[in-house]
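K.L.:
Order-wise, the sequence lines are chains E and U. The working numbering applies: residue 12 is where the first sequence begins, and numbers increase by one. The working numbering applies: residue 12 is where the second sequence begins, and numbers increase by one. We put the CB at the ideal spot given by N, CA and C, even for glycine.
2 protein chains.
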Amino acid sequence: MKTNYVHGYDPQENIRLQDQASTLVELLHSDTTYAIGSRVLEAGCGVGAQTVTLARNNPGALITSVDISELSLAEAEQKALDAGLTNVSFKKADIFSLPFEEDLFDHVFVCFVLEHLPSPAEALNALKKVLRKGGTITVIEGDHGSAYFHPDSEAARKAIQCQIELQHRAGGNALIGRELYPLFVKAGYDSVSVSPRMVYVDASRPEFVDGFIKKTFTAMIEGVREAALKAGLAKEEDFGKGVQALYRTGEADGVFCYTFFKATGVKK
Amino acid sequence: MKTNYVHGYDPQENIRLQDQASTLVELLHSDTTYAIGSRVLEAGCGVGAQTVTLARNNPGALITSVDISELSLAEAEQKALDAGLTNVSFKKADIFSLPFEEDLFDHVFVCFVLEHLPSPAEALNALKKVLRKGGTITVIEGDHGSAYFHPDSEAARKAIQCQIELQHRAGGNALIGRELYPLFVKAGYDSVSVSPRMVYVDASRPEFVDGFIKKTFTAMIEGVREAALKAGLAKEEDFGKGVQALYRTGEADGVFCYTFFKATGVKK
Numbered sequence: 012m013k014t015n016y017v018h019g020y021d022p023q024e025n026i027r028l029q030d031q032a033s034t035l036v037e038l039l040h041s042d043t044t045y046a047i048g049s050r051v052l053e054a055g056c057g058v059g060a061q062t063v064t065l066a067r068n069n070p071g072a073l074i075t076s077v078d079i080s081e082l083s084l085a086e087a088e089q090k091a092l093d094a095g096l097t098n099v100s101f102k103k104a105d106i107f108s109l110p111f112e113e114d115l116f117d118h119v120f121v122c123f124v125l126e127h128l129p130s131p132a133e134a135l136n137a138l139k140k141v142l143r144k145g146g147t148i149t150v151i152e153g154d155h156g157s158a159y160f161h162p163d164s165e166a167a168r169k170a171i172q173c174q175i176e177l178q179h180r181a182g183g184n185a186l187i188g189r190e191l192y193p194l195f196v197k198a199g200y201d202s203v204s205v206s207p208r209m210v211y212v213d214a215s216r217p218e219f220v221d222g223f224i225k226k227t228f229t230a231m232i233e234g235v236r237e238a239a240l241k242a243g244l245a246k247e248e249d250f251g252k253g254v255q256a257l258y259r260t261g262e263a264d265g266v267f268c269y270t271f272f273k274a275t276g277v278k279k
Numbered sequence: 012m013k014t015n016y017v018h019g020y021d022p023q024e025n026i027r028l029q030d031q032a033s034t035l036v037e038l039l040h041s042d043t044t045y046a047i048g049s050r051v052l053e054a055g056c057g058v059g060a061q062t063v064t065l066a067r068n069n070p071g072a073l074i075t076s077v078d079i080s081e082l083s084l085a086e087a088e089q090k091a092l093d094a095g096l097t098n099v100s101f102k103k104a105d106i107f108s109l110p111f112e113e114d115l116f117d118h119v120f121v122c123f124v125l126e127h128l129p130s131p132a133e134a135l136n137a138l139k140k141v142l143r144k145g146g147t148i149t150v151i152e153g154d155h156g157s158a159y160f161h162p163d164s165e166a167a168r169k170a171i172q173c174q175i176e177l178q179h180r181a182g183g184n185a186l187i188g189r190e191l192y193p194l195f196v197k198a199g200y201d202s203v204s205v206s207p208r209m210v211y212v213d214a215s216r217p218e219f220v221d222g223f224i225k226k227t228f229t230a231m232i233e234g235v236r237e238a239a240l241k242a243g244l245a246k247e248e249d250f251g252k253g254v255q256a257l258y259r260t261g262e263a264d265g266v267f268c269y270t271f272f273k274a275t276g277v278k279k
C-alpha cells in the first residue's frame, strides 16, 4: 500500500486534517479548563478521542478516564502513551456503578456518551454521587436533528432519520443535544448553563467541507446503510440518493449546518 | 379598553419586552457599524422595524430607506419621527428598479426582505448597481427550517411546514437564511462571509421564552392558521396541536432553537 497516496497519510494531507480537527476541537473544548491539582473524571472515554485533548489542555489536572469496554480502554491507553501524557490513568468502570468513593472528584467530563445511554438522567445522577459539592460537570453532545443544508433534500433528511431511528432502537437518543438543559435540571444540578456550538460550513471553509460534511457527518450516515436497509427503514436506492445529496451540500454552492451542545452544572 | 392590562402597554411589561427586543437586536445588529458620512441604502424598510436600530447605531451615517409600499413607508416615517431620528430619509422605490444613480451608496443594508422575493438573486444584482466599488452589502434573514425544539413534536414540525409551504407558494423562501452564501457568490460579491446567529432558548432565559418562542415564532406560525386550512395544508385539529406543541417548548423543561443568518459582501 502506497501510504502516501492514502487520504490522511500524506504528510500535507495530515496537517490539513489536523487543522480541521483543531478547529472543531477548539470550538468544543477550548473553554474547558481545570485548576492545577484538580481531580477530573472522564466518564466514557471510549478509545480516547477526547482524552488527549482534555489532558493536553489541562496538564496540571489529574485525570481518571473510565470506560466499560476493555478493548476501547486499551486503545485509549495506547493513544495517551503515544501522546506522552502523564496525567491520565485509565480504569474499567460502569458509569451506573462507579468504583469510586462519594464526593471524590472536583470535575466530571462527559463527551459523546449520553447519546448512547437508555437512561441519561440516571447516568447524570450516578456521576453526581462521585462529584464533590461545588464541583462541576461538563457534557458535550451532538444533535442530529440540528443538521440542515442547502440544497435541501428530502432524501438526505430521510437518510439522517434512519440513523436517528436506529440509535433510538438501540436505546440511545441522537437528538439529546437540545435536551441537556432539562436533563441537568432534573438531575438536580445547580447553575445549569447550556451553550450551543454551531458548525456552519460553506465553500469559504474548505477544511470543514472535507473534514466535517464529508468525513464526519456524511460518513456517519453512510455507516448505517446496511443496518437501515436490514431494518426496512429505507430502500437501497433512496438511501443512496440521501447520501449523495449530503455530499452535494459540500459543493461550491452548498451549505451545511450542525450544532453541538455543551452543558455545565454545579453539584449543590 | 384598559390599556394598562393589555400586553405590551403595562409600563413594566414594556420594559421587559424592550429588554427581549434589545437582546435580539444586539445579536443581529450590533456589528453593523458605518463610518461618519457614509451613504447607506436600507432596501425594503417596511414599517421601519430595523430602521430605528440602524439609524441609532449609526448616527453619523446618512441613511436612505426605501420600500415599495407607501403605507409601510408612512408608518416607518412616523416611527423615525417619534424616535427623533434626523439621519434618515424615506423614498418609495422598487428594489428591482431603484431610482438612484449607479455607485451612489457606500453601503446597502437589507433585513428580512429577500425571503419574500421570487428572485432574490436579481435583487442582489440590482442592489449591486447602486453600490460603489469597495462598498459593502449586509443581509440578515431567518430560516424557519432551522427551528427545532424539545419536546420534539411532529405536529409542530408540520405546522411550521405549512408556513414554509405558504411562503413558497407566495413566491418567497422561508429557508433562505442557509442560502445566503451561494446567493452572494452568484451575484458576484467579493469577500462573502456568512455568520449564523443562533437563538437558543431554555428556561434560564425567560425573556426569550416569552419574547421569542411565544410572541415571535409561535405567533407567526399561528398567524398562518386560516391560510393553511384554506389551502388544505392541514386539518384544524392537527394545526392546533402543532401550535400547542410549540407553546409547550416554552415550559420549564422545554428548549427552542432558531438561527438567523447575517451575510456581508463587497462590490468588486
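Looking at residue 126/E and residue 184/E, is the spacing between their C-beta atoms short of 8 Å?
P.N.:
What you label residue 184/E is simply residue 173 of the first sequence in a count that begins at 1. What you label residue 126/E is simply residue 115 of the first sequence in a count that begins at 1. For residue 184/E and residue 126/E, yes; Cβs fall inside 8 Å.
K.L.:
Mapping DSSP to helix, strand and coil, what is residue 46/U?
P.N.:
Residue mapping note: residue 46/U aligns to position 35 of the second sequence, counting from 1. In this structure, residue 46/U counts as coil in the three-state DSSP scheme.
K.L.:
Counting C-beta neighbours from all protein chains within 10 Å, is the total for residue 15/U 16 or more, i.e. buried, or is it exposed?
P.N.:
To locate residue 15/U, count along the second sequence from 1; it is residue 4. At residue 15/U, the pLDDT of 35 sits below 50, so the modelled position is not reliable; the number obtained from the coordinates is stated separately. Exposed: under 16 other Cβ atoms inside 10 Å.
K.L.:
Does the Cβ of residue 248/U have 16 or more other Cβ atoms within 10 Å, making it buried, or fewer, making it exposed?
P.N.:
Translated into positions along the second sequence, residue 248/U becomes position 237. Flag for residue 248/U reads exposed.
K.L.:
Just to confirm the assignment, what range does the alpha helix (DSSP H) spanning residue 63/U have?
P.N.:
One-based indexing of the second sequence puts residue 63/U at position 52. Here the alpha helix (DSSP H) through residue 63/U covers 62–68.
K.L.:
Taking residue 157/U as the query, report the chain E residues whose CB atoms sit under 8 Å from its CB, ordered along the chain.
P.N.:
By 1-based counting over the second sequence, the position of residue 157/U is 146. Neighbours of residue 157/U on chain E, chain order: 159 and 268.
K.L.:
Can you tell me whether DSSP reads residue 114/E as helix, strand or coil?
P.N.:
Taking the first sequence and counting its residues from 1, one reaches residue 114/E at position 103. Residue state, collapsed to three classes: coil.
K.L.:
Check the Cβ-Cβ distances between residue 192/U and every residue of chain C, and say whether any is below 8 Å.
P.N.:
The chain labelled as chain C is not found among the protein chains of the depicted structure, namely E and U.
K.L.:
How big is the Cα-Cα spacing for residue 144/U and residue 91/U?
P.N.:
Position 133 of the second sequence holds residue 144/U. Position 80 of the second sequence holds residue 91/U. Roughly 30 Å separates the two Cα atoms.
K.L.:
Whole angstroms are fine: how far does the CA of residue 63/E sit from the CA of residue 274/U?
P.N.:
Indexing the second sequence from 1 puts residue 274/U at position 263. Indexing the first sequence from 1 puts residue 63/E at position 52. If you take the alpha carbons of residue 274/U and residue 63/E, they lie about 36 Å apart.
K.L.:
By the 10 Å Cβ neighbour count, where 16 or more other Cβ atoms means buried, how is residue 17/U classified, buried or exposed?
P.N.:
The residue you call residue 17/U lines up with position 6 of the second sequence. Annotation note: pLDDT 36 at residue 17/U (below 50); position unreliable, coordinate value reported separately. Exposed, by the Cβ-count rule.
K.L.:
By the three-class DSSP mapping on this structure, what secondary structure does residue 183/U have?
P.N.:
Residue 183/U sits at position 172 when you count from the first residue of the second sequence. Coil.
K.L.:
So the candidates are 233/E, 114/E, 272/E and 257/E; which of them puts its Cα closest to the Cα of residue 52/E?
P.N.:
Position 41 of the first sequence, counted from the first residue, corresponds to residue 52/E. When each option's Cα is compared against that of residue 52/E, the closest is 114/E.
K.L.:
Residue ranges of each beta strand (DSSP E) run of no fewer than 3 residues wholly in the stretch 194–271 of chain E, ordered along the chain?
P.N.:
The qualifying runs are 201–213.
K.L.:
Measuring straight from C-alpha to C-alpha, what distance separates residue 239/E and residue 99/U?
P.N.:
Your numbering for residue 239/E matches position 228 in the first sequence. Your numbering for residue 99/U matches position 88 in the second sequence. If I take the Cα positions, the gap works out to 58 Å.
K.L.:
Which residue comes first and which comes last in the alpha helix (DSSP H) that contains residue 82/E?
P.N.:
Locating residue 82/E in the first sequence gives position 71, where the first residue counts as 1. Per DSSP, residue 82/E belongs to the alpha helix (DSSP H) from 81–93.
K.L.:
DSSP three-state call for residue 318/U: helix, strand or coil?
P.N.:
Only positions 12 to 279 of chain U appear in the structure, and residue 318/U is not among them; the question remains open.
K.L.:
When the cut-off is 8 Å and only beta carbons count, does residue 130/U lie next to chain E?
P.N.:
To locate residue 130/U, count along the second sequence from 1; it is residue 119. Not closer than 8 Å to any Cβ of chain E, the Cβ of residue 130/U fails to qualify, so no.
K.L.:
So what's residue 58/U in DSSP terms, helix, strand or just coil?
P.N.:
Position 47 of the second sequence, counting from 1, holds the residue named residue 58/U. Three-state result, residue 58/U: coil.
K.L.:
Rounded to the nearest angstrom, what separates residue 50/U and residue 141/U at their Cα positions?
P.N.:
Counting from one through the second sequence, the residue named residue 50/U turns up at place 39. Counting from one through the second sequence, the residue named residue 141/U turns up at place 130. For residue 50/U and residue 141/U, the distance between alpha carbons rounds to 11 Å.
K.L.:
List, in order along the chain, the chain E residues whose C-beta lies closer than 8 Å to that of residue 207/U?
P.N.:
Indexing the second sequence from 1 puts residue 207/U at position 196. Within chain E, the residues near residue 207/U are 209, 211 and 268.
K.L.:
Kindly list the residues whose CB is nearer than 6 Å to the CB of residue 253/U, restricted to its own chain and excluding five residues on each side of it in sequence; keep chain order.
P.N.:
Start at 1 with the first residue of the second sequence, and residue 253/U comes out as number 242. For residue 253/U, where only same-chain residues beyond five positions count, the Cβ hits under 6 Å are 166, 167, 169 and 170.
K.L.:
Rounded to whole angstroms, what's the CA-CA distance from residue 218/U to residue 226/U? Just pull it up for me.
P.N.:
The residue labelled residue 218/U in the question sits at position 207 within the second sequence. The residue labelled residue 226/U in the question sits at position 215 within the second sequence. Whole-angstrom Cα-Cα distance: 11 Å.
K.L.:
Please find out if some non-hydrogen atom of the ligand SAM comes closer than 7 Å to the beta-carbon of residue 213/E.
P.N.:
The ligand SAM is not among the ligands present in this structure, which contains no ligands whatsoever.
K.L.:
Find the residues of chain U that neighbour residue 203/E, judging by a C-beta separation of less than 8 Å, and give them in chain order.
P.N.:
Counting from one through the first sequence, the residue named residue 203/E turns up at place 192. Ordered by position in chain U, the residues that pass the 8 Å Cβ test against residue 203/E are 215.
K.L.:
Report the three-state DSSP secondary structure of residue 33/U (helix, strand or coil).
P.N.:
The residue labelled residue 33/U in the question sits at position 22 within the second sequence. Three-state result, residue 33/U: helix.
K.L.:
Taking buried to mean at least 16 other C-beta atoms within 10 Å of its own C-beta, is residue 81/U buried or exposed?
P.N.:
Locating residue 81/U in the second sequence gives position 70, where the first residue counts as 1. Burial call: exposed.
K.L.:
Evaluate contact between the stretch 259–267 of chain U and the stretch 189–198 of chain U, counting only Cβ atoms and requiring at least three cross-stretch pairs below 8 Å.
P.N.:
Result no; under three Cβ-Cβ pairs closer than 8 Å.
K.L.:
If you run the structure through DSSP and keep just helix, strand and coil, what is residue 142/E?
P.N.:
Within the first sequence, numbered from 1, the residue matching residue 142/E stands at position 131. Residue state, collapsed to three classes: strand.
K.L.:
Any beta-carbon of chain E closer than 8 Å to the one on residue 275/U?
P.N.:
Counting from 1 along the second sequence, the entry for residue 275/U is found at position 264. Cβ-Cβ to chain E under 8 Å: no for residue 275/U.
K.L.:
What residues in its chain sit with their C-beta under 7 Å from that of residue 55/E, if we drop five residues either side in the sequence?
P.N.:
Indexing the first sequence from 1 puts residue 55/E at position 44. 78, 106, 121 and 124.
K.L.:
In whole angstroms, what is the alpha-carbon distance linking residue 272/E and residue 46/E?
P.N.:
For this step, residue 272/E is matched to residue 261 along the first sequence. For this step, residue 46/E is matched to residue 35 along the first sequence. If you take the alpha carbons of residue 272/E and residue 46/E, they lie about 23 Å apart.
K.L.:
Does the stretch 33–48 of chain U come close enough to the stretch 191–207 of chain E that 3 or more CB-CB pairs lie under 8 Å?
P.N.:
Cβ pair count under 8 Å is below three, so no.
K.L.:
Are any of the Cβ atoms in chain E nearer than 8 Å to that of residue 186/U?
P.N.:
Along the second sequence, one-based indexing puts residue 186/U at 175. Taking Cβ atoms only, chain E reaches closer than 8 Å to residue 186/U, which makes this a yes.
K.L.:
Taking all protein chains shown into account, do 16 or more other C-beta atoms lie within 10 angstroms of the C-beta of residue 88/U, making it buried, or fewer, making it exposed?
P.N.:
On the second sequence, residue 88/U is found 77 positions in, with the first residue counted as 1. The residue in question, residue 88/U, is buried, as its Cβ has 16 or more Cβ neighbours within 10 Å.
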